[in-house]
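Listed in order, the protein sequences are those of chains A and B.
One point on numbering: in this note's numbering, the residue at position 79 of the first sequence is 79, and numbering is uninterrupted.
Position in the second sequence (from 1) plus 1000 gives the number in this note's numbering.
A virtual CB, placed ideally from N, CA and C, is assigned to each residue, including glycine.
Quick notes on the structure that follows.
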Amino acid sequence: MSATPSLRPIRPARHARFLDDGQLADLRAASLEILEEVGVHCPSKAVRDLYAEHGALVDEAREVVRLPADLVVRAMARAPRGYVMGARDPSFDLVLDGTALYVATDGCGIQVLEPDGSRRPSTATDVATAARLADALPAVGFYWPMLSAQDHPLTAPLHELLASYPNTVKHVQTETVMGARPARYAVEMARVLAGDDATLRARPPLSALICTIAPLAQDDEGMEGALVLAEAGIPVGFMSMATAGSTGPATIPGTVVAGDAEIVAALTLVQLVHPGAPVFHSLMTGMMDPRTGAYLATSREGEIAYVVGVELAHAWGVPTLAGVYGTDARTPGWQAAAEAAVALTLCALAGAETGSGMGLLESCTLFTPEQLVLDADLHERVRCTLAAFDTSREALALDVIRTVGPKGHYLYERHTRDELRRRRFSSLTGQVTPDGIPVEPVDAARAEAARILAEHHPEPLDDARARELARIVAAADREAEAVALGVGVGR
Amino acid sequence: MSGPDVRGGASAAVPAGGALAASTAAASAAAPSATPPLEPIRSHRRLQFLDDEQLDRLQDATLRILEEVGVRFPSEAALEILAGHGATVDRASQVVRFPPDLVRRALADAPRYFTMAARDPRFDLHLEEGVSYFTTDGCGVATIDFDTREERPSRKSDVAEMARIADCLPSIGFMWPTVSAQDHGATSQLHEIDAAVNNTVKHFQGMVQGGELARRAIEMATVLAGSREALRERPMLSDLICSIAPLAHDHDGLEAALAFAEAGIPVGLLAMPTLGTTAPATSAGALVVGDAEVISGIVLLQLAFPGAPVFHSIMKAWADPRNGNYVGYALDSRARYAPVEMAHHWGLPSLGACFGTDSPAAGTWQAGVEVALDPLLGGLASPEIVTGMGLARTYTLLYPEAIILDDDVYQRARHALLAEEISDETLALDVIADVGPGGHFLAETHTRTHMRTSLKRGLTHEPAPGGGYRDPGEVARERVAWIRANHHPEPLEPAKAAELTRILAAADREHGPGA
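Spelled out as structure tokens, the structure:
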């Protein structure tokens, strides 16, 4: 068994605001106007009824829900600004209080890149392997199941959780659990992990991210699942991936408010039905490539939208899951590094509480262990760079400077020996083999990932809870199979 | 050649993708190419990373070092000036100690802003609050040959090539000698000026050391300006002088600095402390050692020539405790902003330090990850001028495509720091209402109008013929080839070019191999 190294979140010494109060007020007012006048498409009758019950205006024929501004404002006021996302080991609990940015792995990839360059579809075993790697990296604050458990097509989301928990002591966030029935199984799993309901609410070991559909639409399974999770006290976030030019207007502010309106419509429902439930806001807008129609996550001018998303979440009074990392590159290299740095730095400066996106290539679809190690190195760079600058007496070192004087050197000073050890260098760059040949950092990352996977085995889940989780997922499997065969009951 | 240019940054002047390499012939005979307007980083949000109390502590430490430890000035002229103004000079050791009030009085004469002029006045850099102009990197010693791709010692023609590339990139506000004109021996620094001013209309910042070479450089700058008075008004040349850590100046550097300052040519003092060898192993300690070197040099220049345009720069490096190697990039990039804030706290303009990866090659993960934060941090701290794009292997090796890759990182930062326009037109509420829930925006006039300007294609999103996107390194190499074949900036007037050649010949006779 290996100890999981302490988390190293990004704690910026300074925070910055990129939009001014007037601009944020304009954006919020625009979202409210959209919600009141245009509304969102809500295909679930059950969810529409809940909206109607709490004062929303429902057009049953068009399945569109419109939300009066004061209803939205009142509901959003009930959402907590911060809370704890629990971990299996309490020393890895994430306190969302705005002082630190915790970054998760990316999630739901579908392919694994093998060392020989070949690719294969992902399985539950890959989810487990990636969890173990993530557990060993202090830069990874919490775990998104990195890959889809495609060997369990009917209940992949639950198998992803089943593969994750035994392999990391960190908080797990699902981005695939959809629908009331899978959500109920996920809640059961979280309750087993927490031990009891009070702990589940105080330190939920699971959180969930639900995608809305741009423009201005909800997924019925997503919303129904979200309500089940929120009822149990599991933090639920909504993400809009509105894309400028296709599912959003071709201007960043237009796409931002269209996406924000989707998110706020969903958050409002949760607060109307389960007041005070922990929620988060996640605006990951993209830009359409006009030549190919593709979603670009990392266009030059689109990145500011991620920071705007962070500030909008805070303007609504809820924490954020920020869009950081994420690359369109096909292999680890210059592009993946160059694309990731700006959003990560800006979102950290803006005070984002959480973010996700480490470790996948090819627009969040392709997993390779070394990419996670490389992304962790970038995280460490941003962490060190935004940390407080030390101007203490010891750091200023005037005594040593006086001793060495003009034109001396500092090599033999004790201060040098003590302090140089504390300076942080990348474990990937500047490496040489024993015979002095430089090691390419991507190769060093591959070797580091292999070393971790050979050596790192985090504190296992106790047998009783492991058996219980397996039992829950087996029951879900049986039910899903029955439903698939047409013998089960509806959801 | 590909269609109309819809790209930002490097590509604002460079058609991208496609059949670039083909178009080699026609260019040089035709009319000169227009140099595209500059795109400096104008950060609408500034961030002070260190608080005033920390900056005061650093400044106090520098003043104490200057007063109690002193700095070595190996130049009789410098010692004379400093002694004459009340500094404590030890002639034997050449160490000068400075009373704090002398330092403060001298710095009060230094201008906060000035103009770094260009051959074409439209490219003059009027230094100001909140605007950062970047340069090429310098001064490398080896080049991956533009044609053969083999590594070889750098030469004057490389400076000329880089000047044309720099001229074509809106991200490049002014130019450094990207590599050394090693084929010109002792007068290489003058030949670098010649290669640059013949191939770019932008401002050039040289690295001329020594009184004699400085006087030749001033002659060259005077030819460019037209007269000594015009030179003082609009200096098209500035110069960068390195101190020697810890706490010493270089004789040739001091002589050149004094000569340039007298002529009104902006002079930068650059300290390069290395944590653990030439400086304490703590960042604050290294920065105050560097600051003391820079400030002592600036005090000398202000005492000798009050009001002379000067700028402040500290570039910090590390000795890797694992192997003693010189490391430009540790995990900590606070050196991108801390020295800038120190300079501004003194009321001086700052030359910020960005780019110059330790990666032995361009286009690698390391070359991306090390520099990726730089222009963003630089933009937030807002140094007036910033080095430098285009070198690898700890600013010693020129890769032709490196400047294009660095430019892409620069443009990402520049866009991220632009003010976001939130207006009725950009919010597009009418369009959102028209499309309604579950529709799409593809067919809207608003989409057609704005999509053209919304997406500025970076190097990473050049569509590949078979779908997906092209390798950014390949795209970068192609853009270099295109610039070399097609971008020929307005040439220097023949009379001035001839005059520069005459000055160089004289300098070569005096200092060259035969001298």
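Quick one, are the C-beta atoms of residue i and residue j less than 8 Å apart?
{"i": "A502/A", "j": "G1438/B", "result": "The first residue shown for chain A is 1 and the last is 491, placing residue 502/A beyond what the model contains."}
{"i": "A1061/B", "j": "L396/A", "result": "yes"}
{"i": "V307/A", "j": "C347/A", "result": "yes"}
{"i": "A1319/B", "j": "Y1329/B", "result": "no"}
{"i": "D126/A", "j": "N167/A", "result": "no"}
{"i": "G1388/B", "j": "T1135/B", "result": "yes"}
{"i": "G1211/B", "j": "G1512/B", "result": "no"}
{"i": "L1213/B", "j": "L1231/B", "result": "no"}
{"i": "G430/A", "j": "D1358/B", "result": "yes"}
{"i": "H1249/B", "j": "R1072/B", "result": "yes"}
{"i": "S2/A", "j": "E455/A", "result": "yes"}
{"i": "I1041/B", "j": "G1390/B", "result": "no"}
{"i": "G359/A", "j": "T105/A", "result": "yes"}
{"i": "N1199/B", "j": "A1163/B", "result": "yes"}
{"i": "L1127/B", "j": "F1114/B", "result": "yes"}
Tell me the rounded alpha-carbon separation between residue i and residue j.
{"i": "Q271/A", "j": "V65/A", "result": "16 Å"}
{"i": "A1025/B", "j": "A1485/B", "result": "Confidence at A1025/B is low in this model, with a pLDDT of 39, below 50, so its placement is unreliable and no value can be given for it."}
{"i": "E188/A", "j": "A1286/B", "result": "56 Å"}
{"i": "D328/A", "j": "L366/A", "result": "10 Å"}
{"i": "A13/A", "j": "L1270/B", "result": "27 Å"}
{"i": "A376/A", "j": "T320/A", "result": "21 Å"}
{"i": "Q1059/B", "j": "G1138/B", "result": "29 Å"}
{"i": "G55/A", "j": "G317/A", "result": "22 Å"}
{"i": "I10/A", "j": "A16/A", "result": "14 Å"}
{"i": "S392/A", "j": "Q371/A", "result": "37 Å"}
{"i": "H1446/B", "j": "T255/A", "result": "12 Å"}
{"i": "A1027/B", "j": "G1466/B", "result": "Confidence is the limiting factor: at A1027/B the pLDDT is only 43, short of 50, which leaves the residue's position unreliable, though a coordinate-based value still follows. Whole-angstrom Cα-Cα distance: 31 Å."}
{"i": "M178/A", "j": "E224/A", "result": "8 Å"}
{"i": "E1039/B", "j": "G286/A", "result": "24 Å"}
{"i": "T155/A", "j": "G1468/B", "result": "32 Å"}
{"i": "R1502/B", "j": "L1254/B", "result": "26 Å"}
{"i": "V1289/B", "j": "A1257/B", "result": "20 Å"}
{"i": "L1050/B", "j": "Q1366/B", "result": "28 Å"}
{"i": "A337/A", "j": "V373/A", "result": "12 Å"}
{"i": "T298/A", "j": "D1406/B", "result": "16 Å"}
{"i": "V404/A", "j": "A387/A", "result": "29 Å"}
{"i": "A149/A", "j": "A266/A", "result": "27 Å"}
{"i": "R120/A", "j": "D477/A", "result": "24 Å"}
{"i": "R401/A", "j": "H409/A", "result": "The sequence as given places Ile at residue 401/A; Arg does not occur at that position. Going by the C-alpha atoms only, they are around 10 Å apart."}
Assuming residue i and residue j are in contact, meaning their beta carbons sit under 8 Å apart, how far apart are those beta carbons, in whole angstroms?
{"i": "I1403/B", "j": "L1240/B", "result": "Rounded, the Cβ-Cβ distance is 19 Å, inconsistent with contact."}
{"i": "A1292/B", "j": "L1237/B", "result": "Incorrect: roughly 27 Å between the Cβ atoms, too far for contact."}
{"i": "I1314/B", "j": "F1174/B", "result": "Not quite, the Cβ-Cβ distance comes to about 19 Å (not below 8 Å), so this is no contact."}
{"i": "I1375/B", "j": "Y1410/B", "result": "Reading off the sequence, residue 1375/B comes out as Pro, not Ile. Correct: roughly 5 Å between the Cβ atoms."}
{"i": "R1361/B", "j": "A1392/B", "result": "At residue 1361/B the sequence reads Ala, which differs from the Arg that was named. Confirmed, about 6 Å."}
{"i": "S1171/B", "j": "S1382/B", "result": "Going by Cβ atoms, the distance from S1171/B to S1382/B rounds to 16 Å, so no, they are not a contact pair."}
{"i": "V324/A", "j": "G351/A", "result": "No, V324/A and G351/A are not in contact; Cβ-Cβ is about 13 Å, not under 8 Å."}
Give the DSSP bridge partners of residue i, in chain order.
{"i": "V58/A", "result": "V65/A"}
{"i": "D289/A", "result": "Answer by DSSP bridge pairing: none, since D289/A is not bridged."}
{"i": "Q1182/B", "result": "DSSP lists no partner for Q1182/B."}
{"i": "V1208/B", "result": "Looking at the DSSP assignment, V1208/B forms no beta bridge with any residue, so it has no partner."}
{"i": "L1306/B", "result": "Contrary to the premise, residue 1306/B reads as Pro rather than Leu in this sequence. Partner(s): none; P1306/B has no beta bridge."}
{"i": "I210/A", "result": "F238/A"}
{"i": "W1482/B", "result": "According to DSSP, W1482/B bridges with nothing at all."}
{"i": "F1146/B", "result": "None, per the DSSP bridge assignment."}
{"i": "G1140/B", "result": "V1179/B"}
{"i": "P1463/B", "result": "Y1469/B"}
{"i": "I10/A", "result": "L101/A"}
{"i": "I1172/B", "result": "F1134/B"}
message: In chain order, what are the residue ranges of uninterrupted alpha helix (DSSP H) at least 4 long that sit wholly in the stretch 155–197 of chain A?
response: Secondary structure in the stretch 155–197 of chain A: the alpha helix (DSSP H) runs of 4 residues or longer, each lying completely within the stretch, are 156–164 and 180–194 in chain order.
field: Those runs of the alpha helix (DSSP H) which lie wholly inside the stretch 283–357 of chain A and span at least 4 residues
entry: Listed in chain order, the complete alpha helix (DSSP H) runs (minimum 4 residues) inside the stretch 283–357 of chain A are 304–316 and 334–349.
- request: Taking only runs that begin and end inside the stretch 426–464 of chain A, name each unbroken beta strand (DSSP E) of 3 or more residues, in chain order.
  value: Those beta strand (DSSP E) runs which fall completely within the stretch 426–464 of chain A and span 3+ residues do not exist here.
- prompt: Can you give, in chain order, each stretch of the alpha helix (DSSP H) that sits fully within the stretch 1191–1268 of chain B and has at least 4 residues?
  reply: Here the runs fully enclosed are 1211–1225, 1228–1233 and 1251–1263.
task: Jot down the residue ranges of each uninterrupted alpha helix (DSSP H) in the stretch 1336–1404 of chain B, minimum 4 residues, whole runs only, in chain order.
output: Entirely contained in the stretch 1336–1404 of chain B, the alpha helix (DSSP H) runs reaching 4 residues are, in chain order, 1338–1346, 1365–1371 and 1374–1381.
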